[in-house]
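For the sequence shown, counting from 1, position 190 maps to 190 in UniProt numbering; every step adds exactly one.
Backbone N, C-alpha and C define an ideal beta-carbon position, used for all residues, glycine too.
Notes to accompany the following structure.
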Amino acid sequence: MGKFQLSVLFKIIGIGSASGLVYHNDKLYLISDNSTFLYEYVIPTEKLNKIALVENAQDNIVKKDKPDFEAIAIKGTDLILLGSGSTENRNLIFNYAIPTGKIQKNNIGVIYQKIKNEFAITDDELNIEGLIMNQDHIYFFQRGNGIQGKNAIIFSKDTPQNQQFEYVPIDLPKIKNIATTFTDAILVDDKIYFLASAEDTESTYLDGEVLGSIIGRMDLKTLKVEFTQQISSTHKFEGLTLYKQSEKEMEFLLCEDTDSELLESNIYKLVIKD
């Protein structure tokens, strides 16, 4: 990996605790881990639209009740929003069709329970923070920030019946003697680019002191880590999306969960040069 540059690109007023984002056709689609809105930010006009996912949607939901949306992915022109699974009320999955605005809501709790049973993940250890869906597979990125430290990629063929999951543990570098663990991931060609953060806590529920974040790359076929780079010692970056790409550099947009009720979010641009 070559040099990198990290800077604030813009600030969005009206959304707090941003936990995931997707860039598509000059728009940013964002989720917040304590909200039941999908946010659409039109970059050229700087306009923020709020899309209610449920009746009586809220921007700030108390911790014990929040759906904890931590993963957002795009497949074709559909956005998939996923709860982390870290408590029973965090098992929701939403499908938002960008062209039509149609919203479908389902509960993924049965799949999460199967994953916990098959791979000996306790109820309070499951913490899905990233999602990739390609033509035939679905990849869950399990953040191993609990006592068991189960940081892993869990994947299967994208079929609704008889899903057979595979589990690949992923060891990532430490920051101040605390392991970094997945906070998001995207697919670019045949490479997985991921974010991971170090947080001084052994709980998937309670926040701890943020020690920094890294970006890394893995090969999709082998799931071997090809490089990692620390990009901050103070930020917990939780969202990653590709912004621009050329032969010599890649530009990503990142969002940060500040664990605050303040309804504003900085969007960062990360430039990586070959």
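Reducing DSSP to helix, strand and coil, say where Lys116 ends up. If you number the sequence shown from 1, residue 116 lands on position 116. Residue state, collapsed to three classes: helix.
Could you check the C-alpha separation between Leu242 and Asp158 for me, to the nearest Å? Residue numbering aside, residue 242 sits at position 242 when the sequence shown is read from its first letter. Residue numbering aside, residue 158 sits at position 158 when the sequence shown is read from its first letter. C-alpha separation (whole angstroms): 23 Å.
Closest to Phe227 by C-alpha separation, out of Phe37, Ser156 and Ile170, would be which residue? As a position in the sequence shown, residue 227 is number 227, starting the count at 1. Checked all of Phe37, Ser156 and Ile170; the closest Cα to Phe227 is Ile170.
Provide the residue span of the beta strand (DSSP E) that contains Asp184, from first to last. By 1-based counting over the sequence shown, the position of residue 184 is 184. Unbroken beta strand (DSSP E) run through Asp184: Thr181 to Val188.
Terminal residues of the continuous beta strand (DSSP E) containing Ala198? By one-based count along the sequence shown, residue 198 stands at place 198. Residues Lys191 to Asp200.
Per DSSP, cross-strand counterpart(s) of His137: As a working note, residue 137 is residue 137 in the sequence shown. DSSP lists Lys157 as partners of His137.
Give a yes or no on whether the C-beta atoms belonging to Ile108 and Phe165 are separated by under 7 Å. As a working mapping, residue 108 is identified with position 108 in the sequence shown. As a working mapping, residue 165 is identified with position 165 in the sequence shown. Their beta carbons are not under 7 Å apart, which means Ile108 does not touch Phe165 by this criterion.
When we look at the beta-carbon of Glu209 and count the other beta-carbons within 10 Å, is it buried (16 or more) or exposed? Along the sequence shown, one-based indexing puts residue 209 at 209. Glu209 comes out exposed.
Gly101, buried or exposed, once every other Cβ within 10 Å from all chains shown has been counted against 16: As a first step, residue 101 must be located in the sequence shown, where it is residue number 101. Exposed, because fewer than 16 other Cβ atoms sit within 10 Å of the Cβ of Gly101.
Taking buried to mean at least 16 other C-beta atoms within 10 Å of its own C-beta, is Gly85 buried or exposed? One-based indexing of the sequence shown puts residue 85 at position 85. Buried.
Please list the terminal residues of the continuous beta strand (DSSP E) segment that includes Leu262. Residue mapping note: residue 262 aligns to position 262 of the sequence shown, counting from 1. Taken as a continuous stretch (DSSP letters only), Leu262 belongs to no beta strand (DSSP E), as it is neither H nor E.
Closest by CA to Gln245, which one among Leu211, Leu30, Ile153 and Lys269? Residue 245 sits at position 245 when you count from the first residue of the sequence shown. The shortest Cα separation from Gln245 among Leu211, Leu30, Ile153 and Lys269 belongs to Lys269.
Do Thr234 and the ligand MN come close, with the Cβ less than 6 Å from some heavy atom? The ligand MN is not part of this structure, which contains no ligands at all.
Report the CB separation of Lys150 from Glu125 in whole angstroms; it is logged as a contact under 8 Å. Counting from one through the sequence shown, the residue named residue 150 turns up at place 150. Counting from one through the sequence shown, the residue named residue 125 turns up at place 125. Rounded, the Cβ-Cβ distance is 6 Å, consistent with contact.
Beta-carbon gap between Asn34 and Ile61 smaller than 7 Å: Looking up residue 34 in the sequence shown gives position 34. Looking up residue 61 in the sequence shown gives position 61. Against a cut-off of 7 Å, the Cβ pair of Ile61 and Asn34 comes out as a contact.
Kindly indicate which residue of Ile154, Gly14, Leu240 and Ile147 has the alpha-carbon position closest to the one of Phe141. As a working note, residue 141 is residue 141 in the sequence shown. Comparing Cα positions, the closest option is Ile154.
From the DSSP output, in three-state form, read off Ile231 for me. Position 231 of the sequence shown, counting from 1, holds the residue named residue 231. Note: Ile231 maps to strand in three-state DSSP.
Mind checking whether Asp39 and Leu253 have CB atoms under 7 Å apart? Translated into the one-based positions of the sequence shown, residue 39 becomes position 39. Translated into the one-based positions of the sequence shown, residue 253 becomes position 253. Strictly speaking, residue 39 in this sequence is Tyr, with Asp absent from that position. No. Outside cutoff.
Express the C-alpha separation of Ser233 and Leu96 in angstroms, rounding to a whole number. For the purposes of this step, residue 96 is identified with residue 96 of the sequence shown, where counting begins at 1. For the purposes of this step, residue 233 is identified with residue 233 of the sequence shown, where counting begins at 1. Note that residue 96 is Tyr in the sequence shown here, rather than Leu. So the two alpha carbons sit approximately 35 Å from each other.
Could you give the distance in angstroms between the alpha-carbon of Ile214 and the alpha-carbon of Ser197? As a working note, residue 214 is residue 214 in the sequence shown. As a working note, residue 197 is residue 197 in the sequence shown. For Ile214 and Ser197, the distance between alpha carbons rounds to 6 Å.
State the DSSP-derived secondary structure class of Asn49, mapped to helix, strand or coil. Residue mapping note: residue 49 aligns to position 49 of the sequence shown, counting from 1. Residue state, collapsed to three classes: strand.
Comparing C-alpha positions only, which one of Ser265, Val168 and Ile98 sits nearest to Thr222? By 1-based counting over the sequence shown, the position of residue 222 is 222. Measuring from the Cα of Thr222, the nearest candidate turns out to be Val168.
Quick check on DSSP: helix, strand or coil for Gly85? Here residue 85 refers to the residue found at position 85 when the sequence shown is read from its first residue. Here Gly85 sits in coil by DSSP.
When you compare each of Gly212, Tyr193 and Asp189 to Thr180 by their alpha carbons, which one comes out closest? Taking the sequence shown and counting its residues from 1, the one referred to as residue 180 is at position 180. Taking only the C-alpha atoms, the option nearest Thr180 is Gly212.
Quick one: what does DSSP say Ile108 is sitting in, helix, strand or coil? The residue you call residue 108 lines up with position 108 of the sequence shown. Three-state result, Ile108: coil.
On the three-state DSSP scale, how would you describe Arg90? To locate residue 90, count along the sequence shown from 1; it is residue 90. Correct three-state label for Arg90: helix.
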